[in-house]
Amino acid sequence: MKKFLLLLPLAAGLAACQNTTDQNVATGALTGAAVGAIASDDGDKLQGAVLGGAAGAAVGGLVSAANQPRQCTYRYPSGYTYVAACP
């Protein structure tokens with residue numbers, strides 16, 4: 044368990060290098076893994092962390108997708124591009 048807790052700051056530091064969606068998925072996975080490991084029985088800490096991490100990543104991805112504005116990149120035949128709301 045101590046080794047797992049030592050890896051949390053490293054994983055959080057790596058998550059800071061990603062875009063917002065990836066950060067939310069990573070944060071959800073880390074939080075879910077921590078909660079799963081804490082909430083599980085003594086013999087099932089790894090299984091609880093894995094299941095919690097998977098559930099947290101899924102929730103983080105869903106929350107991130109719901110909060111992101113839908114923006115599309117459009118291109119005119121002349122080559123000019125612009126960003127606007129998706130249809």
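Numbering (the working numbering), first residue to last: 44 to 130.
Glycine included, every Cβ here is placed at the ideal spot set by N, Cα and C.
Keep in mind that this is a model prediction, so the values were computed, not measured.
Whole-angstrom C-beta distance between residue 95 and residue 68, which should lie under 8 Å: Working through the sequence shown from its first residue, we reach residue 68 at position 25. Working through the sequence shown from its first residue, we reach residue 95 at position 52. Their Cβ separation, rounded to whole angstroms, is 14 Å, which puts residue 68 and residue 95 out of contact at 8 Å.
message: If distances are taken between C-alpha atoms only, which option among 71, 123, 129 and 124 comes closest to residue 115?
response: For the purposes of this step, residue 115 is taken as residue 72 along the sequence shown, with counting starting at 1. The shortest C-alpha to C-alpha distance from residue 115 to any of 71, 123, 129 and 124 is the one to 129.
message: Please identify the residue among 73, 126, 77 and 93 whose C-alpha is closest to the C-alpha of residue 113.
response: Locating residue 113 in the sequence shown gives position 70, counting from the first residue. Residue 113 has its Cα closest to that of 126, out of 73, 126, 77 and 93.
message: Checking 8 Å against the spacing of the C-beta atoms, do residue 80 and residue 91 come in under that value?
response: The sequence position of residue 80 within the sequence shown is 37, counting from 1. The sequence position of residue 91 within the sequence shown is 48, counting from 1. In this structure, residue 91 lies closer than 8 Å to residue 80 by Cβ.
field: Pairwise C-alpha distance: residue 111 and residue 76
entry: Residue 76 sits at position 33 when you count from the first residue of the sequence shown. Residue 111 sits at position 68 when you count from the first residue of the sequence shown. Roughly 24 Å separates the two Cα atoms.
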